[in-house]
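Here the structure is laid out as structure tokens; the discussion comes afterwards.
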Amino acid sequence: SHLAIRTSRRILIVSEDLKTILASTQSPLSSSVVFFSSMKWVDHALLFTTPSQVFYLTPDGAATPLLSLPSTAVLAGVMNDRILVATKDQTSVKFRWRAIGLLEPILLGLLSLSSDEQSSPLFRSQLSRTVNRFDKVRISESFFKWLDEKGHPDIAYSLVSSSSM
């Protein structure tokens, strides 16, 4: 189990005994600006917002953009196929749902676990439950290539054959 710690300028993923597993790069903005405004764990991927985008961070250090956001938006909630973002103006807070593909970041997070964790008897069932639970439509071609290169052509085939691509 991992914990995430957010400061205004970096994100840390730490183990249960608080040893640093991953430290994100420092924000490119000046120290007076809050760069990371919100974050949420979704299975083995950490979603976080910057002033203009939602990214995901996996335990192997890959930070990848998922979608663009209005400049004041923060993550308010996550469902299997969408996120809830909140924006604030001078008089009110508005909530909006945004469609998003979460299967790719979650699988990247799961498949970045150590080989010991992947050899656990529960790993295959967790992988199967994850694939069955999430929307399979929003998966990039590069992810299918990555699955094949990392020795998971069976997962790539399963995703392709069960989606409506």
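Counting in the numbering used here, the sequence shown runs from 4 upward without gaps.
Cβ coordinates follow ideal geometry from the N, Cα and C atoms, glycine included.
Because the structure is a prediction, the values reported are computed rather than measured.
Alpha carbon to alpha carbon, how far is M89 from T52?
Per the sequence shown, the amino acid found at residue 89 is Ala instead of Met. Approximately 12 Å, taken between the alpha carbons.
L60 and L78 - do their beta-carbons sit closer together than 8 Å?
With respect to the 8 Å criterion, L78 and L60 are not classified as neighbours on the basis of their beta carbons.
Check D138 in the structure and name its three-state DSSP category.
coil
To which residues of the same chain is S40 closer than 6 Å at the C-beta, ignoring the five residues directly before and after it?
T52, V77
Can a CB atom of chain B be found closer than 8 Å to the CB of V81?
Of the chains in the structure shown, none is chain B; there is only one protein chain.
At what residues does the beta strand (DSSP E) containing P68 begin and finish?
66 to 71
Which listed residue (D20, T94, A26) has its alpha carbon closest to that of T10:
A26
DSSP state of R127, grouped into three classes?
helix
Anticipated Cβ contact below 8 Å, G104 with I158, distance rounded
15 Å between Cβ atoms; not a contact.
Considering only their Cβ atoms, is the gap separating L113 from L130 smaller than 8 Å?
yes
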